[in-house]
Structure formats: structure tokens, C-alpha cells
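Take a look at the structure below.
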Amino acid sequence: MVLLISFADFKKVELKVAKILEVEDIPGKDKLYKIKIDLGNEQRQIVAGIKPFYTKDELTGKNVIVVANLEPAVIAGVKSEAMLLAAKDNKGGYALVTIADNVAPGTVVE
């Protein structure tokens, strides 16, 4: 059974375009990256378990979609201030939800 949410609840989720500025390893963590993003009016960091699927170079400069109003969490001792959106691919990996470069960081996804 699919869990349904109301439209009002869905509207609470703030999806925004973010540009990946920098990607760093987290010492001792083989699946996690610390990722610095640009949200237009501010920069934040995200901890994401996508290291097995993307190199740092593949990620740097990408425009991605993030959940921008998710409560911050500490993952592997590092503060994560948003969440990347990704879909599971047919090989068991993950494909990031990306958007064209002509859409500015901070743009709200409607």
C-alpha cells in the first residue's frame, strides 16, 4: 500500500536547484562524501552516500535538486544541511536528479 500525503504536506517540502561546488572524502567512510553546495543566496554542506557511484570530478559543477528545508542531521560526525535527490538505477546504483545548467542555484522546483 502506498502512503499518501496531502497536497498541503507536499507543499511543505522545499525542493531547490543547487550547484555542487566541492566534494571531499570523509576519513574512514568508503560510501560517504561531504559535498559543498551553492543554493544561490547561501552555501551549505551535505553528507551523501553516493561515493560508490560517482567520482568527485563527476559531481563537481553539477546542478542537482535538493530538499532544502530538511532538518539538519549529523552523519559520520559531519553536519548535513540538505538532501540530494536520486533514483535507484537498474544496476543497483543511484542516479542523481539533475537539471540544466541554465537554471540558477536557489531556484525553487515547482
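When the letters of the sequence shown are read in order and numbered with the UniProt record's numbering, they come out as residues 1 to 110.
We put the CB at the ideal spot given by N, CA and C, even for glycine.
It should be emphasised that the depicted structure is a prediction, and the values quoted were computed from it without experimental measurement.
Residues in the same chain with beta-carbon distance under 8 Å from residue i, minus the five sequence neighbours each way, listed in chain order, please.
| i | result |
| --- | --- |
| lysine 12 | Asn69 |
Take residue i and list the residues in its own chain whose beta-carbon comes closer than 6 Å to its own, dropping the five residues that flank it on each side.
| i | result |
| --- | --- |
| lysine 19 | Asp38, Asn63 and Pro105 |
| threonine 107 | Val17 |
State buried or exposed for residue i, treating a residue as buried only when at least 16 other CB atoms are found within 10 Å of its CB.
| i | result |
| --- | --- |
| leucine 4 | exposed |
| alanine 82 | buried |
| valine 47 | buried |
| valine 2 | exposed |
Only counting the same chain, and skipping five residues up and downstream in sequence, which positions put a Cβ closer than 7 Å to that of residue i?
| i | result |
| --- | --- |
| lysine 36 | Leu21, Glu22, Gln43 and Gln45 |
| lysine 79 | Gln45 and Pro72 |
Quick test of your reading: residue i and residue j, contact by CB under 8 Å. State the CB separation rounded to the nearest angstrom.
| i | j | result |
| --- | --- | --- |
| glutamate 14 | valine 67 | 7 Å |
Quiz item: Considering only residues of the UniProt domain "TRNA-binding" (9-110), which uninterrupted beta strand (DSSP E) runs meet the minimum length of 3 residues and lie entirely inside it, listed in chain order?
Solution: The UniProt domain "TRNA-binding" (9-110) contains these whole beta strand (DSSP E) runs: 15-25, 33-38, 43-48, 63-67, 73-75, 78-80, 86-88 and 94-96.
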